[in-house]
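Numbering (my numbering), first residue to last: 2 to 140.
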């Protein structure tokens with residue numbers, strides 16, 4: 002039982018650490034890109050983003066918010082972030098302006114979501130299923 006609890010805690014902390022690193026990396030990256038773009042004001046008209054790219058960024062923010070929510074609610078946060086990252090992959094496939102190799106990178110972002118969902122399944126769903134399937138032998 003002790004090894005089972007340490008295994009489950011290891012899963013939880015792996016999901017927390019990887020999810021937090023991804024969120025922190027994204028926030029730092031966006032801040033640095035924003036600061037870099039402030040210095041590039043050449044007077045020319047800015048390149049406008051297509052609607053599909055704007056939608057992708059909004060869904061990316063929702064997926065990252067799901068990773069933050071998963072720190073407290075593993076199941077809900079894992080579902081929100083996984084659905085968000087899957088939607089991003091689908092939008093990237095149909096976006097004519099994007100590189101298709103970015104889909105593989107987006108799939109790597111799903112790993113913390115999958116770990117959170119595995120932890121949630123292992124701690125919340127599986128015990129309920131086992132409790133309902135307990136059979137008592139009368140001898």
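Beta carbons: idealized from backbone N, C-alpha and C, even for Gly. Treat the numbers as computed from the prediction; the structure is a model and nothing was measured.
Checklist entry - In whole angstroms, what separates the C-alpha of residue 1 from that of residue 70? => result As displayed, the chain neither begins before 2 nor continues past 140, which places residue 1 out of reach and without an answer.
Checklist entry - When DSSP labels each residue in this structure, what does residue 110 get in the three-state scheme? => result As a first step, residue 110 is located in the chain shown; it is residue number 109 there, counting from the start. In the structure shown, residue 110 sits in coil (DSSP, three-state: anything other than H, G, I, E or B).
Next on the checklist: Going by DSSP in three states, residue 100 sits in which element: helix, strand or coil?
Outcome noted: Position 99 of the chain shown holds residue 100. The answer is coil: DSSP assigns residue 100 none of H, G, I, E or B.
Next on the checklist: Given this structure, state the Cα-to-Cα distance separating residue 32 from residue 24, to the nearest angstrom.
Outcome noted: The residue labelled residue 32 in the question sits at position 31 within the chain shown. The residue labelled residue 24 in the question sits at position 23 within the chain shown. In a straight line, the C-alpha of residue 32 is about 12 Å away from that of residue 24.
Checklist entry - In the structure shown, what three-state DSSP assignment does residue 66 receive? => result Start at 1 with the first residue of the chain shown, and residue 66 comes out as number 65. In the structure shown, residue 66 sits in a helix (DSSP, three-state: H, G or I).
Item to check | 8 Å Cβ cutoff met for residue 116 and residue 29 | outcome: The sequence position of residue 116 within the chain shown is 115, counting from 1. The sequence position of residue 29 within the chain shown is 28, counting from 1. No, Cβ-Cβ distance for residue 116 and residue 29 is not below 8 Å.
Item to check | DSSP-derived helix/strand/coil call for residue 71 | outcome: Translated into positions along the chain shown, residue 71 becomes position 70. Coil at residue 71, not helix or strand.
Next on the checklist: Could you compute how far the alpha carbon of residue 124 sits from the alpha carbon of residue 36?
Outcome noted: On the chain shown, position 123 is the one that residue 124 refers to. On the chain shown, position 35 is the one that residue 36 refers to. Straight-line Cα distance between these residues: approximately 43 Å.
Checklist entry - Where does residue 50 sit, in a helix, a strand or coil, going by DSSP? => result To locate residue 50, count along the chain shown from 1; it is residue 49. Coil.
Next on the checklist: For residue 114, tell me which candidate among 93, 56, 20, 88 has the shortest Cα-Cα distance.
Outcome noted: Residue mapping note: residue 114 aligns to position 113 of the chain shown, counting from 1. The candidate whose alpha carbon is nearest that of residue 114 is 20.
Checklist entry - By the 10 Å Cβ neighbour count, where 16 or more other Cβ atoms means buried, how is residue 108 classified, buried or exposed? => result As a first step, residue 108 must be located in the chain shown, where it is residue number 107. Exposed is the call here.
Checklist entry - Going along the chain, which residues of its own chain have a beta-carbon closer than 6 Å to the beta-carbon of residue 81, five neighbours each way excluded? => result Taking the chain shown and counting its residues from 1, one reaches residue 81 at position 80. So the list reads 67, once near-sequence residues are dropped.
Checklist entry - From residue 103 to residue 55, what does the alpha carbon distance come to, in whole angstroms? => result Numbered from its first residue, the chain shown carries residue 103 at position 102. Numbered from its first residue, the chain shown carries residue 55 at position 54. When rounded, the distance between both Cα atoms is 16 Å.
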